[in-house]
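Data first, discussion second: the structure below is written as structure tokens.
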């Protein structure tokens with residue numbers, strides 16, 4: 005094999021195994037802590053801190069300015085469950101449960117928490133034997149094959165993590181507290197403003 009062919013093969017091999025390298029900032033003093041808070045949009049090129057409110061602002065290459073919102077500990081949302089009890093007519097009557105404040109008797113909290121941990125969004129109702137599922141597109145609760153039983157506006161939980169159906173046909177929907185409490189970027193202005 006001649007040198008030119010070997011050089012081309014090595015060049016090609018080197019180009020195909022290139023891996024991007026990422027690094028985290030390293031604090032130079034012990035009293036400084038660095039932690040990952042949020043992923044920024046591609047082409048973010050300027051980060052500024054408002055000296056009055058201590059909020060961080062990010063400017064993106066397309067002209068958008070975004071504010072980083074981090075919930076304070078006292079503003080964090082705790083465990084929240086929507087409870088839909090079937091009435092005599094068969095429709096669901098919704099109420100909110102906050103187990104840290106008041107847990108009604110008869111609520112199968114451990115089973116609900118297990119479904120929440122697993123992220124299960126489908127269940128069979130033991131009363132009627134019908135399979136229910138949460139729609140990933142709009143949050144509707146669907147009874148097989150395509151009957152809408154409840155909407156997100158009915159049970160009033162924005163980000164759903166799990167669904168459990170009790171022995172009496174009561175539907176429990178759990179709030180995804182990780183998603184609700186996560187830091188987020190809020191658009192403040194665009195280049196069109």
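In the numbering used here, the protein residues as written are 5 to 197. Even glycine gets a Cβ: it sits at the ideal position worked out from N, Cα and C.
Residue i - DSSP class collapsed to helix/strand/coil
i	result
residue 119	helix
residue 134	coil
residue 8	helix
residue 106	strand
residue 73	strand
residue 151	strand
residue 50	strand
residue 196	coil
residue 175	strand
residue 15	helix
residue 161	coil
Identity of the residues DSSP links to residue i by a beta bridge
i	result
residue 97	89
residue 188	73
residue 126	137
Cβ-Cβ separation, residue j to residue i (assumed contact under 8 Å), whole Å
i	j	result
residue 170	residue 77	Not a contact, Cβ separation roughly 33 Å.
residue 120	residue 166	4 Å
Burial state of residue i, where buried means 16 or more other Cβ atoms lie within 10 Å
i	result
residue 189	buried
residue 64	buried
residue 116	buried
residue 1	Limits of the chain in this structure are 5 at one end and 197 at the other, which puts residue 1 out of reach.
C-beta atoms of residue i and residue j nearer than 8 Å
i	j	result
residue 161	residue 179	yes
residue 88	residue 168	no
Interface flag, residue i vs chain B, CB-CB below 8 Å
i	result
residue 149	In summary, chain B is missing from the structure at hand, where a single protein chain is found.
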